[in-house]
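Below you'll find the structure, written out as structure tokens, and then a few comments.
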Amino acid sequence: MHDNITVSFAPHISKPLSTRTVMIDVIMGLAPAMIAAGYYFRLRAFILIAACVIASAVTEWVCNVVRKKPFSLGDFSVVVTGIILALSLPPMLPVWTAVIGSVVAVAIGKMAFGGLGSNTFNPAMVGRTFLAVSFGTLMTTWTVPATIDPNMSKISAENILISDVSEFRTQATPLAWSKMAIKNNLGAETYAEAEFLGTVTGAVGGCLGETSVIALIFGGAYLLIRRTISFHIPAAVLISAVVFAAVGYWQDPMTYVQPLYHLTSGGMLLCAFFIATDPVTAPLTRRGMWIFGIGVGGLTMLIRLLGGYPEGVMFSVLLMNAVTPLIDRLCKRVPASGKPKS
Amino acid sequence: MMLSDTMILAGILDLLSGAWPAGVIMLGLGTGFAIVLLIASEKLKVEVDPKIEQIHEALPGLDCGACGYAGCGQYAKAVMEDPELLGSCAPGGSDAQEKIALILNLQVSESGPAKRPIVHCRSRKDQRAFYAEYRGIPSCTAANALANAQACKFGCLGYGDCVRACKFDALHIVDGLATVDYNKCTGCTACSKACPRGLIRMVPFRDENENMMTVACNSIEAGRAVRAMCKVGCIGCGICAKQYDMFSVEDNLAHLDYAGYEPGEAAETAMTKCPTGVIVYRGPSAPEPRQPKEKPAAKA
Amino acid sequence: MVTEVQGNLSFRGGVHPPEKKELACDCAIEPGPAVKQVAVMLSQHIGAPCRAIVEKGADVEAGQKVGDSDAFVSAPVHSPFAGKVKEIGLCSHAVLGRSPAVVIEARAETPPVQPLWEPDADFDESKWSPEAICQAIRDAGIVGMGGAGFPTRVKIEPNRQMPKETLIINGCECEPYITCDYRMMLERANQIIAGVKLVKRASGCSRAFFAIEDNKPAAIEAISAALGDNELIKVAVVKTKYPQGGERQLINAVLKKHVPTGGIPPMIGVLVVNVATAAAIADAVVSGRALTHRAVTVSGEAVARPGNYYVAIGTSVGDLLEFCGVMKTQMPRIVMGGPMMGLAIADMDTPITKVSGAITVLTNKQIGKAKSAGRQTACIRCGRCLEVCPENLNPTKIAHAVKGNLLDLAQSYYLSACIECGCCSYVCPANIEITGYIKTGKIFVARQNKRMPQ
Amino acid sequence: MGKLRYFIEQSWLLIVASFVFGLLLAATNYALEPVIRQNRTDKLNRLAKGLLPAAEHFVDIGSEVEIESGRGQSEQITVYRAVANNDKCVGWSFNIGGSGFADRIDLVVAVDAAFEKFAGYDVLASNETPGFGDKIKNDYYRGQFKGAPVGRLKVLTTGNAEKIDSEIIAISGATISSEAVVAIMNGVVGQIRERLLAEGLIDVANAEQRSQDSNSDTGGDVGNE
Amino acid sequence: MSDGSALKTGVYRDTLLAGLWRENPVFRLLLGMCPTLAVTAAVKPALTMGCCVIFVLLCSNIIVSLMRNLLKPHLRILMFTLTIATFVTIADLILRAFVPDMSETLGPYVPLIIVNCIIICRAEACASKNGIIVSVIDAVGMGIGFTGTLCVLAGVRELLATGKIFEVAVMPGRFVPWAAMGMPVGAFITLGLMLGLVNLTSKSRS
Amino acid sequence: MDTLSALLLAFLSIVIINNLVFTKFLGICPYLGVSGRIDMAFGMGMAVTFVVTLSGTMTYMINNWILIPLHLEVAKYVAFILVIAGAVQLVEMYVRKCFRDLYDSFGIFLPLITTNCAILGLCLFLDLWGVGSLVEAAVQSFGAGIGFTMAICIMAGIRENLQLADVPNCLKGAPITLITAGLLAMAFMGFAGMIR
Ligand SMILES: Cc1cc2nc3c(=O)[nH]c(=O)nc-3n(C[C@H](O)[C@H](O)[C@H](O)COP(=O)(O)O)c2cc1C
Ligand SMILES: Cc1cc2nc3c(=O)[nH]c(=O)nc-3n(C[C@H](O)[C@H](O)[C@H](O)COP(=O)(O)O)c2cc1C
Ligand SMILES: Cc1cc2nc3c(=O)[nH]c(=O)nc-3n(C[C@H](O)[C@H](O)[C@H](O)COP(=O)(O)O)c2cc1C
Ligand SMILES: Cc1cc2nc3c(=O)[nH]c(=O)nc-3n(C[C@H](O)[C@H](O)[C@H](O)CO)c2cc1C
Ligand code: SF4
Ligand code: SF4
Ligand code: SF4
Ligand code: SF4
Ligand code: FES
């Protein structure tokens, strides 16, 4: 009859939003960090990002084909996964390793659970943790940023490199310093003051995307303004991290470094703005988000200060992902007008 | 010879003399536990439903949890309440399954001849009219709640709520019409409860292999409206009722009295005389329903 | 002296869809098409459906009762014009599917109807006893015209268990596109106020608030002017936000009170009445006229002459649209009601009922690409639906529980507390039909409960 | 009476079986026990011998040495004297343990006759992460202990691993396991030395001469590697 | 007569095959997962474990089958447990005496065979109802099925975790071992994926 | 004070760092079987905690006060399992008879636990680790139970969510549970090396 008429449930209009636009926003938010990575680690950054994105996308496509599911690359979520994974890898990581990480991230971390929206754990962090656990040495081999040493020479976890050129003393990563300070009671302040500026601009060793605080703050602010993420999780993560770090510092300033230093070093900001906020693996309710964020920040600092690993972000995110269902259950919403009687 | 014998004997004695404390302690342990458990099982007896007890007995009693329940006792209770859980006890295997089925069947098997589902619609997708295209949730209940995109508000929607309800893979949507595979159907009635339009009704078949005659339509629309909506719907013309007295027309819709139906000449005639061909056989070996007579189709 | 309760009253949650009121807000209410035939549905309200009380072929007069019921929760239906009963048969209904209707063929070319009655500014309601008012409302077959269609007599009649104290007149009209209530407030302010006074008297309410959204300054002015120095009826300006007009939200915004979940407004002594209902009440009580016509907004980008029309109840949507002119190629969806809560219809013969305040014809552009294609992606748990839900529910959990056929889970997330406002589906980036799933879930639950006792 | 009958009916099998199985167990144990004990000493000896090549056999010193194992608890440790062909003491070995990265680490430690220098250690049992902590089994880490002075050892993360002194360079990426090994030694070896000295078991004069021998032995070993 | 024996051989073959695939304890019945996960970091301990299980399964099935007519309901499970514990202790002693290395690697997982559901399951489901021959065949079938799956799992994990199989290097020199596969993560994930694979094959066949 | 903090550390260590499920692979059968719903999982966890504490202390006593002095280590396994089985069965009967409510909430899990290797496994590990005192044995066994409860409740939460997820058919049920457990074990590695 009227063959162009359609019926469906109300509402019949919708906000011009789609999963793709949300993901593109995140990619835009990640752009400053990617650019900073390119600036400090040159071609390596782009190679790794491209490798991770392509490998992730291909993995998802293959999974779709195997399961005879519709093509799902169009939502770009896998691109976000690839980029975040790449940004959390050491610059000199061999490409094949990054590819293994991407495949594990997408195949086991995401598609095994049913694809976008169903995964319990943050896929990028699953991939990264798998790599860290499997290839420990490769994953703790750092390089000097190209702005300091154009050769980007390797520095292994504990070595201090004194570049002839710039007289700039640098070391593996800021977190390796603080870990060493913890071990050797080195009076961390002396380290921290000198290198603080480096962590802000990004001229330090570390994972691709986590070195430049400025770039991360720009990206995070963009996401907040665009309302792609709500402020709850970043705020909770950062505040709880500062509090825990401050407790440590106040306990023993000779052993533990300044709280602010913990905020700017390692993956803390990347985590607060981009990783912990992954909506799929974070709680739904605001109260839940506070708990989740405090958990991520607290566990990160616990691992940094007391644990065996210098950085705790990936573990704390995975651990809190695991309890997200319980948090959601705990913070169940009650109707605005109270629970119904009977 | 002698020597080796004595040596062996000595060896055994030696062994035993070293071994007796272990033997004694195990003896002690064994006796102790036997006493305690037996006394406890006497003193702390708790009354349970004998049927559950029976099922429990049929189960292996390993409390391994493979069934997803906390131990055999729990599983026994659960199976008792929901026989569909039969067969989730891996250790018990088919043995236990049969036994439980036996125990449970004693209670349920007295319901007389099996009723089996008949879908009271025979219209394929290309035989129905549509006002619009449905773009909503692919579920019959959802589509039924909306304005009728498909003109006939009484016939099969084909989004398969019944298919999802059937645990035995006995229902399929064929050309937009729910179709029962009577060889797989167990008569569990799940589908009849799932259909939002109440199209699937349980009908007493007289034996396993019978093909039952039915008026495969559910529409109480006036004949004219039916013709506009569906090529094979019942128009309530009453021809069938004139041929065979088990047919009757009420609210523009013909009904067959299934209990009184006997296969025979009269029924067959009614079937062939039906102008829209809505009287069909349904069953394990039912023939293809015939096409509607050309006249009404041309008219519509 | 006008006492205004100052504005920006609001509730938590909600959305701001594009208003689109500009399409029809300046069109005065005009007479609708003069049709040859109407189909008066025997069930136009919540409650027991009517029985036809005329025979096929009988002659009926304008305003004659053609269907009635003995049930308490029910309202009779009337013929809009003089004519002959052509048939009593099934007709498409936006909610009920195929439902019985009395089809009446006009005897002669009937002129379009305009209610002529215009009360004085100082209308005195004390001439009528509460009982008389209630009886007049019942006889006129008035039901809630704000959408739900609850028989108004039942609603306003005093009830010993739940005494009513506060009356709220719902003039929010928060749905996009719809402007008929707005026009009513502009053009029939006095009639509405008269209706309000009658309702107040009949229900025993001691005070009343006239709630209007702050995007309708003209209506606020008109009503304030018509109220004059009435101390007992105040205008409450509420924030423009969907679903401000939902009665639970409105009560929360105006009175800062919550209607208990699963409860109804009278439980906290509140009565909510739509402006069109109030106007109809005045009409019925004062001039004894039955509810046979109502103002309907016909709007949407695919309509050539959008506007507000005074339409005979029973007119088919097809006739009405033909009258307003639609661009056929551009009309993928015809909605009875507004785009947020309205029901899509397919059969052009579907008649207008007492609750149909609008016909909105949307184009694919308005519907959105994904929605018009019916394409849903996976939920990314972004939480937007939670944030906008005015009832503070967890829409995605409910929807997914229904989808997974876990009704117990859905109910544990308060499935039944949903008011089906559609905010969640509106914001969902994955375009999940959350509201649709919730509605389906409610049907499942109802069916399950019905089966229980057996 | 009936109860007793019931009891016996129900449980005679269990009781008889317990007894029979008890005997069976005991017999097996009796037959295999020496083999098992031999296995253990063999392994200890094999490992110890790898550390003290000059030793011909190991004799335990008769009494167990009691040491403080922290937390106010004490522990008994069997110390073996390594005896060369010529019946001279060429060193000492003992089996000590402590917690590592993942789980307990059990070590066989050998020192020279004078209890002044380590002859090295070997890992008896550990559950450290393969690829990380289990590098404490590798020669290049163990090599640092051959000839290191008995006393407080220190773990550094950087430095020259070739140099034999009290500074042990940790395995990169497994500092914790490295530290664990050193901590086990620091905690125990000194105490054992005290006890042995107190009991006069270390023949200082003889040992000094011996220690020079073994020193050259071990020195040679390190050089060879 | 010959008919009867043919029938019997059929039963025997069926019993044997059941354990190998159709009712494979790990893949199909999901029993005894703990040792399956714990000892499969390498093939050698897996094989040792499998042999222990075969031994215990065989002995306990024989004993239970012999005693089947004497069992009393209340103390039946206790009786099984006692039998199994005895033979596990014997197996443990044998391991310690003759393969001390493996005994150390397996540690407490050998005594844990006592509570391995497979054994008590077979005692209950097969041995306590069948004659001695069927019980023995069942024990062998189940045992080999269990050992086989253990070895397959261990093979995959050992290969990826160390580049070796049965401690013989098979991967090219440039292969970097995936340490994770040797850890609990690897155990769980490999078994999970393998079960998925088994489900897939069995589904496509049916 | 010192012993107290030592006990606390021992407790924490066995709850999160040496978690029985994630590092020792103990109790996997109920972990896979009974983690479908949170209330069931919690009941199971509580029951395990109770039984493991009971049997941990009891086997400690039997081992250190009877078997070792009498040089009867050979009967260790038999004694352990008989003690566990007997104790569990007794407790179950007793609770069922005398505390019906308690029984209904978690007593039903008790029989399931006898054949759970977490219990025997913990007793064996306590023996292997050379736990020094009865109190320590009790604390560690209690911690083991709490660790199990935590692990199974987390898993139950995840699985309740996965009910609604589009998990590939071949991975539904045990496989995806195992994969999740693997990822959980990986996440818990973050605590490694925390308490030395
Ligand atoms: C720094 C900051 C960030 C905020 N971010 C958000 C946000 O991302 N999403 C949100 O819904 N509300 C956010 N809010 C809360 C809003 O300010 C405000 O409460 C909410 O949008 C009111 O909703 P409505 O006006 O639509 O009713 C934020 C508030 C602050 C102070
Ligand atoms: C989401 C939602 C939005 C609504 N919006 C309006 C509205 O804009 N205007 C209105 O009059 N009624 C609206 N209603 C209906 C009211 O809740 C209420 O039923 C009505 O005002 C009662 O008056 P009546 O009985 O006279 O119709 C809405 C209801 C819901 C659930
Ligand atoms: C999967 C994995 C396993 C590890 N296993 C050990 C280990 O067994 N022993 C150890 O000391 N460090 C181990 N580490 C590393 C430590 O946690 C930590 O990074 C290191 O000890 C810090 O010291 P560093 O300065 O040597 O890097 C492991 C790291 C990873 C990622
Ligand atoms: C704000 C935001 C943050 C995200 N962060 C991550 C992330 O950390 N890791 C990741 O794999 N995907 C991330 N995604 C993408 C997407 O949610 C992810 O691929 C899903 O977890 C896959 O189901 C993010 C998406 C958004 C919108
Ligand atoms: S028979 Fe009913 S449930 Fe089945 S497809 Fe047709 S309408 Fe849907
Ligand atoms: S649901 Fe039951 S009655 Fe219906 S087709 Fe399937 S088996 Fe038959
Ligand atoms: S859940 Fe219901 S009340 Fe909440 S936003 Fe959705 S439709 Fe509205
Ligand atoms: S708005 Fe849509 S995508 Fe976001 S949480 Fe709700 S249902 Fe999921
Ligand atoms: S094998 Fe460990 S619980 Fe079953």
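Residue numbers (this note's numbering), protein chains in the order written: chain Y, 15 to 356; chain A, 11 to 310; chain U, 2 to 455; chain P, -9 to 215; chain X, 12 to 217; chain B, 2 to 197. Ideal Cβ placement from N, Cα and C applies to all residues, glycine included. Note that the structure is a prediction, hence the values are computed from the model and not measured.
Can you tell me which of the three DSSP states residue 354 of chain Y falls into? coil
Which residue comes first and which comes last in the alpha helix (DSSP H) that contains residue 46 of chain X? 44 to 49
At a CB distance below 7 Å, what residues from the segment 142 to 163 of chain Y approach chain X? Give them in sequence order. 144, 147, 148, 149, 150
Answer with buried or exposed for residue 126 of chain A, where buried requires no fewer than 16 other C-beta atoms within 10 angstroms of its C-beta. buried
Partner residues on chain B for residue 46 of chain A, Cβ-Cβ distance less than 7 Å: 87, 91
Can you tell me whether DSSP reads residue 32 of chain Y as helix, strand or coil? coil
Is any heavy atom of ligand 4 found at a distance shorter than 8 Å from the C-beta of residue 330 of chain Y? no
Using a C-beta to C-beta distance shorter than 7 Å, which residues of chain A count as neighbours of residue 427 of chain U? Residues of chain A passing the Cβ test: none, with the nearest at roughly 16 Å.
Would you call the CB atoms of residue 94 of chain U and residue 44 of chain U closer than 9 Å? yes
Is residue 445 of chain U near ligand 4 - that is, is its Cβ less than 8 Å away from at least one heavy atom of it? no
Rounded separation between residue 1 of chain A and residue 137 of chain A - CA only: No answer is possible for residue 1 of chain A: it lies beyond the span of chain A, which begins at 11 and ends at 310.
Run of the alpha helix (DSSP H) containing residue 253 of chain U, from where it starts to where it stops: 248 to 256
Over the uninterrupted beta strand (DSSP E) stretch that includes residue 181 of chain A, give me the two end residues. 181 to 184
Interface flag, residue 76 of chain B vs chain P, CB-CB below 9 Å: yes
Own chain residues within Cβ distance below 7 Å of residue 308 of chain A, not counting five before or after: Its pLDDT being 40, under 50, residue 308 of chain A is placed unreliably in this model, and the coordinates cannot settle the point.
Which residues in chain A have a C-beta closer than 8 Å to the C-beta of residue 138 of chain X? List them in chain order. Those within 8 Å of residue 138 of chain X in chain A number zero; the least Cβ separation is about 12 Å.
Straight-line CA distance for residue 168 of chain P to residue 95 of chain P? 11 Å
Tell me, please, which residues DSSP counts as bridged to residue 67 of chain P. P:55
Starting from the N-terminal side, write out each stretch of the beta strand (DSSP E) that is 3 residues or longer and does not extend beyond the segment 35 to 107 of chain Y. none
Three-state secondary structure (DSSP) of residue 448 of chain U: helix
Any C-beta of chain B sitting closer than 9 Å to the C-beta of residue 35 of chain A? yes
Any chance the segment 157 to 168 of chain A sits against the segment 342 to 362 of chain U, with 3 or more Cβ pairs inside 8 Å? yes
Three-state secondary structure (DSSP) of residue 32 of chain U: strand
How far does the beta strand (DSSP E) with residue 265 of chain A in it extend, from its first residue to its last? 263 to 266
Within its chain, find whatever has a CB closer than 6 Å to the CB of residue 227 of chain U; leave out the 5 residues flanking it on each side and keep chain order. 190, 191, 194
State yes or no: is the beta carbon of residue 52 of chain U nearer than 9 Å to at least one beta carbon in chain A? no
Chain D beta carbons: is any one of them nearer than 9 Å to that of residue 108 of chain P? Here the protein chains are Y, A, U, P, X and B, and chain D is not one of them.
At a Cβ threshold of 9 Å, is residue 231 of chain A touching chain Y? no
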